[in-house]
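Asks: What follows is a single structure, and I will ask about it in a moment.
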Amino acid sequence: LGTIFTTMPVARPEVAVLYSMSQCIHAQMNDMKENYGGGRHRDKLMFLYLASKLIQVPVFPIVEEDVLDGTLGTHHKAVILAGIDYLEPRVARALEAFAADGGIVLVSDDCQVKLRGLTPLGCAVDDSLAKRLGDLWQQGRMEEIWKLNLTGNYIKAAEPLARTLKARLAGLGIKPVFDTTAPGIVASRQGAGDIEYLFAVNAA
């Protein structure tokens, strides 16, 4: 691949995904036993990330500072919110401004946050597999965890979300890096100027 990757800026994809510290703190304030899950926010992001891999559409993680300082609007066409019930008011206003300026704020059906200009995803993020594994862990039922905690089960759980996400993004003019009939191919792109690399990783 050569030395270009030491000098080329990261190629940000059209779609960003928000990791919300507002949501995480909100969840902790409502449940002092809540540590790092953000009220299911973390698990829902994991399944959303997996769904994006299944449809060959890269997503880029951003935090609330990226919304506030304009990074989102500069580098991305759309942002997806999943498992978010609360946003700090400044972040909410910045997302509304992003939408008013033509950006797309896609919101999964499990979100409770209300903003102007939101675009419903049309599907909730099903994180029941992660919840089941967490319950089994609390009960110390390790043998059942070993049988359930398999890559194929995660893929199966993410497939309905992947189908909905693919259709919704296509309707918004956001296409995959490439089309493939082979399941389990993860796509990404890195390019600058007249040089472009397309990566196809076989994750089957």
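Residue numbers for the sequence shown follow the working numbering, beginning at 5 and rising by one. Heads up, the beta-carbon is just placed ideally off N, CA and C, and yes, glycines get one too.
Using DSSP with H/G/I as helix, E/B as strand and the rest coil, what is Y158?
Replies: One-based indexing of the sequence shown puts residue 158 at position 154. It is helical.
Asks: Taking the alpha-carbon of I84 as reference, which of E92, E18, Y40 has the nearest alpha-carbon?
Replies: The residue labelled residue 84 in the question sits at position 80 within the sequence shown. That would be E18, whose Cα lies nearest to the Cα of I84.
Asks: Are the Cβ atoms of G126 and R172 separated by less than 8 Å?
Replies: Walking along the sequence shown from the start, residue 126 turns up at place 122. Walking along the sequence shown from the start, residue 172 turns up at place 168. Yes, these two residues count as a Cβ contact at 8 Å.
Asks: Do A86 and L58 count as a contact pair if the criterion is CB distance below 8 Å?
Replies: Along the sequence shown, one-based indexing puts residue 58 at 54. Along the sequence shown, one-based indexing puts residue 86 at 82. No, Cβ-Cβ distance for L58 and A86 is not below 8 Å.
Asks: To the nearest angstrom, how far is it from the Cα of K135 to the Cα of V117?
Replies: Your numbering for residue 135 matches position 131 in the sequence shown. Your numbering for residue 117 matches position 113 in the sequence shown. Distance between the alpha carbons of K135 and V117 is about 22 Å.
Asks: Hey, P180 and V61: beta-carbon distance below 8 Å or not?
Replies: Residue mapping note: residue 180 aligns to position 176 of the sequence shown, counting from 1. Residue mapping note: residue 61 aligns to position 57 of the sequence shown, counting from 1. Yes. Within cutoff.
Asks: Is there contact between the stretch 31-38 and the stretch 149-168, where contact requires at least three CB pairs shorter than 8 Å?
Replies: no
Asks: Rounding to the nearest angstrom, what Cα-Cα distance links D130 and E148 in this structure?
Replies: For this step, residue 130 is matched to residue 126 along the sequence shown. For this step, residue 148 is matched to residue 144 along the sequence shown. Distance from the CA of D130 to the CA of E148, rounded to the nearest whole angstrom, comes to 20 Å.
Asks: Indicate whether L54 and I66 have their beta-carbon atoms separated by less than 8 Å.
Replies: In the sequence shown, residue 54 corresponds to position 50, counting from 1. In the sequence shown, residue 66 corresponds to position 62, counting from 1. In this structure, L54 lies away from I66, with their beta-carbon atoms at least 8 Å apart.
Asks: T185: which of P93, A204, A31, Q194 sits nearest, CA to CA?
Replies: In the sequence shown, the residue the question calls residue 185 occupies position 181. The option with the nearest alpha carbon to T185 is A204.
Asks: Excluding the 5 residues flanking K81 on each side, which residues of the same chain have their C-beta closer than 6 Å to its C-beta?
Replies: As a working note, residue 81 is residue 77 in the sequence shown. So the qualifying residues of the chain are E18.
Asks: Which of the three DSSP states is assigned to I178 in this structure?
Replies: The residue labelled residue 178 in the question sits at position 174 within the sequence shown. Looking at I178 - three-state DSSP - the assignment turns out to be coil, as it is neither helix nor strand.
Asks: Should G74 and A103 be called a contact, given that it needs their Cβ atoms to be closer than 8 Å?
Replies: On the sequence shown, position 70 is the one that residue 74 refers to. On the sequence shown, position 99 is the one that residue 103 refers to. No, they are not a contact pair.
Asks: Where does the unbroken alpha helix (DSSP H) through A34 begin, and where does it stop?
Replies: Counting from one through the sequence shown, the residue named residue 34 turns up at place 30. Rather than Ala, the amino acid found at residue 34 in this sequence is Asn. Here the alpha helix (DSSP H) through N34 covers 25-34.
Asks: Bridge partners of V67, per DSSP?
Replies: Here residue 67 corresponds to residue number 63 of the sequence shown, with the count starting at 1. V67 pairs with Y23.
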